[in-house]
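Student:
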């Protein structure tokens, strides 16, 4: 059977799993973001929240108020800002959390968000034409999620809700990041925000590509304990054709140690140790087999 059909890729009873199954951090991020926004509206505290939590270069860096690298990520300018960020966290965050595991995902998300603030700071500090108006929102962490999703599953097919087109994860990331680069270089509207997006994406890329940083995530995942539950496919529909394999006749590859590795063994390894334990050959093989 195909790897998407295996027991540990499903919820009990054979029913399709919830998009948030195995993604408690994503669930709480959505709840906290909404709660902070609603509380600010009901108690007329939005101004106070932004005064205490918004990130600016003057306060966050020059004023050594480093908590703002975290708090600004839970504040949003308006309902549309909150809605679109929540959609992105819901669709992409659940996938990435199930690959990294919850503890590593939370650290990854917050670090990418903080890197987004630093990206904004670099732009404001290097160009006197930009005022230090401040930045709020979860976009830095979201763009880190987008970057690492494109690295983990570059050929995963993603059907957008609007416009209704299907792209690979790699192409989607390239288009969105290219737009951000264009806005920053051209000095367009929201260049500071786009600089924050790029800062978050760069952090996500580096945390996956630099061995020491990737090991940090892997150590967090291992410290969580318990079996790792993985599955494919979430909200922005990931379309894959299924292909059947058997242990005896299944496709085989060679890993770096020269031993035969089939689909079953790779999936058992993911279930026991997480996606981070795979070699590059195993990762590519699994991605290719899932899209055939």
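Numbering (my numbering), first residue to last: 1087 to 1378. Every residue, glycine too, gets a C-beta built ideally from N, C-alpha and C. None of these values were measured; they are calculated from a predicted model.
Who are residue 1141's beta bridge partners in DSSP?
Tutor: Answer by DSSP bridge pairing, in chain order: 1221.
Student: Can you give me the Cβ contacts of residue 1131 inside the same chain, cut-off strictly under 8 Å, excluding the 5 residues immediately before and after it?
Tutor: 1125, listed in sequence order.
Student: If we require 4 or more residues per run, which alpha helix (DSSP H) segments fall completely within the segment 1135-1204?
Tutor: With a minimum length of 4 residues, the continuous alpha helix (DSSP H) runs that stay inside the segment 1135-1204 are 1154-1157, 1165-1174, 1180-1186.
Student: Buried or exposed for residue 1265, going by 16 or more other Cβ atoms inside 10 Å?
Tutor: Residue 1265 comes out exposed.
Student: Just to confirm, does residue 1292 get its C-beta within under 7 Å of one of the non-hydrogen atoms of the ligand SAH?
Tutor: As far as ligands go, the structure on display features none, and thus does not contain the ligand SAH.
Student: Please classify residue 1343: is it buried, with 16 or more other beta-carbons within 10 angstroms of its beta-carbon, or exposed?
Tutor: Its pLDDT being 44, under 50, residue 1343 is placed unreliably in this model, and the value from its coordinates should be taken loosely. That one is exposed.
Student: With DSSP as the reference, label residue 1308 as helix, strand or coil.
Tutor: In the structure shown, residue 1308 sits in a helix (DSSP, three-state: H, G or I).
Student: State the DSSP-derived secondary structure class of residue 1270, mapped to helix, strand or coil.
Tutor: Note: residue 1270 maps to helix in three-state DSSP.
Student: Between which two residues does the beta strand (DSSP E) harbouring residue 1244 extend?
Tutor: Element bounds for residue 1244: 1243-1245.
Student: So, using beta-carbon positions, are residue 1227 and residue 1196 closer together than 8 Å?
Tutor: The answer is yes: Cβ separation under 8 Å.
Student: Starting from residue 1042 and walking both ways along the beta strand (DSSP E), at which residues does that stretch end?
Tutor: Residue coverage of the chain in this structure runs from 1087 to 1378, which leaves residue 1042 outside it and unanswerable.
Student: Pick out whichever of 1137, 1166, 1143, 1149 has its Cα sitting closest to the Cα of residue 1120.
Tutor: Nearest option by C-alpha distance: 1166.
Student: Nearest-angstrom Cα distance between residue 1058 and residue 1365?
Tutor: The requested residue 1058 does not occur in the structure, where the chain is confined to residues 1087 to 1378.
Student: Tell me whether residue 1181 is buried or exposed, calling it buried when 16 or more other Cβ atoms sit within 10 Å of its Cβ.
Tutor: Result: buried.
Student: According to DSSP, simplified to helix, strand and coil, what is residue 1257?
Tutor: Residue state, collapsed to three classes: helix.
Student: Given this structure, state the Cα-to-Cα distance separating residue 1256 from residue 1371, to the nearest angstrom.
Tutor: Roughly 17 Å separates the two Cα atoms.
Student: Of all the options 1116, 1229, 1109, 1175, which has the alpha carbon lying nearest to the alpha carbon of residue 1198?
Tutor: For residue 1198, the nearest C-alpha among the options comes from 1229.
Student: Enumerate in chain order the residues of its own chain whose CB-to-CB distance from residue 1156 is below 8 Å, with the five nearest sequence positions on each side excluded.
Tutor: Excluding sequence neighbours, residue 1156 sits near 1196, 1199, 1200.
Student: Grab me the residues of residue 1288's own chain with a C-beta within less than 8 Å of its C-beta, minus the 5 sequence neighbours each way, in chain order.
Tutor: Once the five neighbours on either side are set aside, the close Cβ partners of residue 1288 are 1201, 1205, 1233.
Student: Would the beta-carbon of residue 1049 fall within 8 Å of that of residue 1143?
Tutor: This structure gives no information on residue 1049, because the portion of the chain shown stretches from 1087 to 1378.
Student: Counting only the same chain and skipping the five closest in sequence on each side, list residues whose C-beta sits under 6 Å from that of residue 1281.
Tutor: Answer for residue 1281: 1205, 1206, 1209, 1270, listed in chain order.
Student: Taking the continuous alpha helix (DSSP H) assigned at residue 1127, which residues delimit it?
Tutor: Note, residue 1127: alpha helix (DSSP H), 1110-1128.
Student: Using the C-alpha atoms, what's the distance from residue 1224 back to residue 1151?
Tutor: Whole-angstrom Cα-Cα distance: 19 Å.
Student: Starting from the C-beta of residue 1299, find all residues in its chain whose C-beta is less than 8 Å away, skip the five residues before and the five after it, and write them out in chain order.
Tutor: 1292, 1293.
Student: Could you check if residue 1185 is buried or exposed, using at least 16 other CB atoms within 10 Å of its CB as the buried criterion?
Tutor: Per the 10 Å Cβ criterion, buried.
Student: Relative to the C-alpha of residue 1302, which residue among 1193, 1273, 1140 is closest?
Tutor: Of the candidates 1193, 1273, 1140, the one whose C-alpha sits nearest the C-alpha of residue 1302 is 1193.
Student: Between 1118, 1158, 1112, which has its C-alpha nearest residue 1133's C-alpha?
Tutor: For the residues 1118, 1158, 1112, the minimum Cα distance to residue 1133 belongs to 1158.
Student: Alpha carbon to alpha carbon, how far is residue 1307 from residue 1105?
Tutor: Rounded to whole angstroms, residue 1307 to residue 1105 spans 20 Å at the Cα level.
Student: Using the beta-carbon count (16 or more within 10 Å), is residue 1285 buried or exposed?
Tutor: Buried.
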